[in-house]
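For reference, the structure is listed below as structure tokens.
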Amino acid sequence: MVSLIKQPHPREKRMIFKNVDRPGWKTDIDTYLGDGGYEQLKKALTMSQPDVVNEVKASGLRGRGGAGFPCGVKWGFIKQDSPKPIYLICNADESEPGTFKDRYIIHQDPHQLVEGMVISCYAVNARLAYIYIRGEYPEGAKILETALAEARERGFLGKNIQGSGFDCEIYVHRGAGAYICGEETGLIESLEGKRPYPRIKPPYFPAVLGLYQCPTIVNNVETLCHVKHIIAMGGAEYAKIGRPNNTGTRILCVSGDVQKPGYFEVEVGSVTMGELINDMCGGMKDGRKLKAIIPGGSSAKVLRADERYKIKEKNAEGVTVDKEIGIEDIPMDFDTLAAVGSMAGSGGVIVMDDSRNMVETLANINEFYAHESCGQCTPCREGSLWMQKITRRMVSGEGAKQDPAVLKSVADNIAGKTICAFGEACAWPTQSFVAKFKEEFDAKAQRNVTPREVSDGVALQAGRPVLVHDHEVAAASAGGVPKPDAPWEVSNDSKSGEV
Amino acid sequence: MDIPAELEQKIDETITHYPVSKRSAVLPLLHLLQEHLGYISSETADWVAKKLDLQPINVLEIVTFYPMFRAAPPGRHHIRVCRTLSCAMAGSYKLLNDLCEMAHIERPQHAGHGTPFTVGEDGKFSIEFVECLASCGTAPVCMVNDDFYEGVNKEAAAEILQKYQ
Ligand code: FES
Numbered sequence: 008m009v010s011l012i013k014q015p016h017p018r019e020k021r022m023i024f025k026n027v028d029r030p031g032w033k034t035d036i037d038t039y040l041g042d043g044g045y046e047q048l049k050k051a052l053t054m055s056q057p058d059v060v061n062e063v064k065a066s067g068l069r070g071r072g073g074a075g076f077p078c079g080v081k082w083g084f085i086k087q088d089s090p091k092p093i094y095l096i097c098n099a100d101e102s103e104p105g106t107f108k109d110r111y112i113i114h115q116d117p118h119q120l121v122e123g124m125v126i127s128c129y130a131v132n133a134r135l136a137y138i139y140i141r142g143e144y145p146e147g148a149k150i151l152e153t154a155l156a157e158a159r160e161r162g163f164l165g166k167n168i169q170g171s172g173f174d175c176e177i178y179v180h181r182g183a184g185a186y187i188c189g190e191e192t193g194l195i196e197s198l199e200g201k202r203p204y205p206r207i208k209p210p211y212f213p214a215v216l217g218l219y220q221c222p223t224i225v226n227n228v229e230t231l232c233h234v235k236h237i238i239a240m241g242g243a244e245y246a247k248i249g250r251p252n253n254t255g256t257r258i259l260c261v262s263g264d265v266q267k268p269g270y271f272e273v274e275v276g277s278v279t280m281g282e283l284i285n286d287m288c289g290g291m292k293d294g295r296k297l298k299a300i301i302p303g304g305s306s307a308k309v310l311r312a313d314e315r316y317k318i319k320e321k322n323a324e325g326v327t328v329d330k331e332i333g334i335e336d337i338p339m340d341f342d343t344l345a346a347v348g349s350m351a352g353s354g355g356v357i358v359m360d361d362s363r364n365m366v367e368t369l370a371n372i373n374e375f376y377a378h379e380s381c382g383q384c385t386p387c388r389e390g391s392l393w394m395q396k397i398t399r400r401m402v403s404g405e406g407a408k409q410d411p412a413v414l415k416s417v418a419d420n421i422a423g424k425t426i427c428a429f430g431e432a433c434a435w436p437t438q439s440f441v442a443k444f445k446e447e448f449d450a451k452a453q454r455n456v457t458p459r460e461v462s463d464g465v466a467l468q469a470g471r472p473v474l475v476h477d478h479e480v481a482a483a484s485a486g487g488v489p490k491p492d493a494p495w496e497v498s499n500d501s502k503s504g505e506v
Numbered sequence: 002m003d004i005p006a007e008l009e010q011k012i013d014e015t016i017t018h019y020p021v022s023k024r025s026a027v028l029p030l031l032h033l034l035q036e037h038l039g040y041i042s043s044e045t046a047d048w049v050a051k052k053l054d055l056q057p058i059n060v061l062e063i064v065t066f067y068p069m070f071r072a073a074p075p076g077r078h079h080i081r082v083c084r085t086l087s088c089a090m091a092g093s094y095k096l097l098n099d100l101c102e103m104a105h106i107e108r109p110q111h112a113g114h115g116t117p118f119t120v121g122e123d124g125k126f127s128i129e130f131v132e133c134l135a136s137c138g139t140a141p142v143c144m145v146n147d148d149f150y151e152g153v154n155k156e157a158a159a160e161i162l163q164k165y166q
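These protein sequence lines are chains V and D, in that order.
In this text, residue positions in the first sequence follow our numbering: the first is 8, and each later residue adds one.
In this text, residue positions in the second sequence follow our numbering: the first is 2, and each later residue adds one.
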């Protein structure tokens, strides 16, 4: 697989990604053992199970999948003397647009994940675990299966692991292209062989009524890998990395209009948005200007570049004071991103420059969520499709005056009214885009482009001809015939934001 | 239905991964069978249902929900192009058009449900517009069968097609 970056950036602190792009590194167990692999598992097996849980609690590790829930607290919900079997599931269904960190762990360092998982299984006393990997990683699934077989052969998995008396089996389970399987209860339904309709909480908290109605822990790939490092350095020591309540390292995935997109493992909160984009990613592409950032996967609320954000900060005397900062000064941690009205989510940062039209961007996002709604709850099933239809219509030049208001009202009627968090995931983009880029939505909220089909070379969006801009049509009829690209690709046109 | 002994063995082994409920094996079984047969016919779904002591509807509802399962045969090589935001910003709509043009396939209408892929007349390639393949940093990306390609421009796309002739 082609890698993005050969050398880690000096601002990085590579722990989870230590072996990603490492010269001479291979995915086999001997390479891993030669580098101190499985030592932390051996160490954990000498500790008591509650002690392992306590170390993770002390570390302050927060889930890296999207919600940022404290991992140790989640584990604490499991009663280890449960009369029912306990299961652990690794959520490797990485599918939040903009996120691509687990891909590299799975493809380049599978044993780190296996070790982290076996330690975690031991901690919560799970004897059977599954890695639910997205269907579009066929290669990754094979690599993991090989890694599991190697681990089994060397006594790190299976019966009586390293003579400790602890038995644990892990299997790989492939998904089949449905985003909703990343939602933990949807994932559990899927693993039970059903449609992945998320379950309602309460009562179906996985730690109580999870897989096969038994206590179940679902953790993200990156989270499980951190467990290994917490055992290595101790929870208290780990907690010193990063910021209070935002501990450890975090892998940020940057895509979009930057010079050098890629992944960067940094101490949580140690870099600001500006440093990430300008220093680590080499700045904006083609010398363009930053317009907007989606900081935590496509469902995170968009941040506008020219806005001021209010945060609370401790000053030198330790007193909390209000502070106003620009987008580039936002530190990339869980709490600050929440304070500025978005979220750290899955770590997927999507950057947009000033050539991007925000209605078109939202239209793309809405296509995604309309496609991925599982259809169980009415507000989401109907609403995601309704929003998709409106933005589709707007980008094809058939906007109507009331569109921005209708978009907002539909989104407002989804968020908070569904069984799972998909409702928020699909409503937040619309709510934030319409509110923050009102002028662009108003501009598209009218029939200001003559509908015209261009049959040659026209990009179809969702089966409809995408209408080209008036000046392009004019150029075409003058014999120039510029081939209109997809609406997202109007980047060389300085007027693209206006139509 | 003709299932080679080796495949059936693999299927039986896979079922053992789910000691609590055989029903859990429905996704892996459908993957194995689709790999072998190219798609899931109603006959195949019935076979899976029998194998797992399920009603046929329990399998059909899976086939119709998960986008990766196909209810109709694809081309000999199946291409998936990522449609989602980062790839779209890097030109994936154009990539899809280029691939369709070069492989002489009608452009799939991204309807999202059912089987939104198109197959070329010679049956060599089929093409599908899919959602985020989780490699947004190397956009635009696509897959051919199980092989993954990153940063695909028009020249690279032409080379890729050449490779699977
Ligand atoms: S948007 Fe194409 S891989 Fe994520």
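Using N, Cα and C, we set each Cβ at its ideal position, and we do this for glycine too.
Nothing here was measured: the structure is a model prediction, and the numbers come from that model.
- Residue-level contact by beta carbon holds for Thr106/V and chain D, with a gap shorter than 8 Å.
- When secondary structure is reduced to three states using DSSP, Leu8/D falls in the helix class.
- With 16 or more other Cβ atoms inside 10 Å of its own Cβ, Asp410/V counts as buried.
- Out of Val309/V, Thr230/V and Asp286/V, the CA that lies nearest to the CA of Asp109/V is found in Thr230/V.
- In the DSSP assignment, Asn61/V falls within the unbroken alpha helix (DSSP H) covering Gln56 to Ser66.
- Along the region 59-87 of chain D, going in chain order, the ones with a CB nearer than 8 Å to a CB of chain V are Asn59, Glu62, Ile63, Phe66, Tyr67, Pro68, Met69, Phe70, Arg81, Arg84, Thr85, Leu86 and Ser87.
- Look at Pro104/V: its beta carbon is less than 7 Å from one of the heavy atoms in ligand 1.
- Taking a C-beta cut-off of 8 Å against chain D, the contacting residues of the region 187-211 of chain V are Ser197, Leu198, Glu199, Gly200, Lys201, Arg202 and Pro203, listed in chain order.
- In the structure shown, Tyr245/V adopts helical secondary structure according to DSSP, grouped into three states.
- Cβ contact annotation for Gly123/V (same chain, cutoff 8 Å, sequence separation greater than five): Leu231, Cys232, His233, Val234 and Lys235, in chain order.
- When Cβ-Cβ separations below 8 Å define contact, Pro302/V makes no contact with chain D.
- Counted as a single uninterrupted DSSP element, the stretch harbouring Arg159/V is not any beta strand (DSSP E) but the alpha helix (DSSP H) occupying residues Pro145 to Glu160.
- Judged by DSSP secondary structure, Arg399/V falls within the alpha helix (DSSP H) whose first and last residues are Thr385 to Val402.
- Counting only runs of at least 3 residues, the region 233-310 of chain V fully encloses the following beta strand (DSSP E) elements, listed from N- to C-terminal order: 256-263, 269-274 and 297-301.
- For Ala104/D, no Cβ of chain V is located within less than 8 Å of the residue's own Cβ.
- With contacts defined by Cβ atoms closer than 8 Å, Ala148/V and Thr34/V do not form a contacting pair.
- Pro251/V counts as exposed, since fewer than 16 other C-beta atoms from the protein chains shown sit within 10 angstroms of its C-beta.
- About 17 Å separates the Cβ atoms of Glu103/V and Gly269/V, ruling out a contact at the 8 Å cut-off.
- Here Phe24/V is buried: its Cβ has 16 or more other Cβ atoms, across all protein chains shown, within 10 Å.
- With the criterion set as a beta carbon lying under 9 Å from some beta carbon of chain D, the members of the region 166-178 of chain V are Glu176 and Tyr178, in sequence order.
- Chain-ordered, the chain D residues with CB closer than 9 Å to the CB of Asn371/V read Arg84, Thr85, Leu86, Ala89 and Met90.
- The beta carbon of Gly289/V lies closer than 7 Å to those of Val265, Gln266 and Lys267 in the same chain, with the five residues before and after it left out.
- Look at Thr85/D: its beta carbon is less than 7 Å from one of the heavy atoms in ligand 1.
- The secondary-structure analysis by DSSP pairs Cys433/V with nothing; it has no beta-bridge partner.
- In this structure, Ile16/D lies away from Ala6/D, with their beta-carbon atoms at least 8 Å apart.
- With respect to chain D, the C-beta atom of Gly184/V has a partner C-beta closer than 8 Å.
- Secondary structure note for Leu369/V: its alpha helix (DSSP H) is the uninterrupted segment Met365 to Glu379.
- Contact between Met359/V and Val278/V is ruled out by a C-beta separation of about 19 Å, above the 8 Å threshold.
- Taking 8 Å as the CB threshold, Leu134/D lines the interface with chain V.
- Contact between the region 62-81 of chain V and the region 243-263 of chain V is present: three or more C-beta pairs spanning the two stretches fall below 8 Å.
- Distance from Tyr376/V to Ser353/V at the Cβ level is roughly 15 Å; contact not present, criterion being Cβ atoms closer than 8 Å.
- Within the same chain, Val366, Ala370, Asp410, Phe448, Lys451 and Ala452 come within 8 Å of Met401/V by CB-CB distance, once the 5 residues on both sides are set aside.
- Annotated three-state conformation of His118/V is helix, per DSSP.
- Assignment of Leu61/D by DSSP, reduced to helix, strand and coil, places it in the helix class.
- Judged by DSSP in its simplified three-state form, Thr230/V adopts helix.
- In the structure shown, Leu95/V adopts extended strand secondary structure according to DSSP, grouped into three states.
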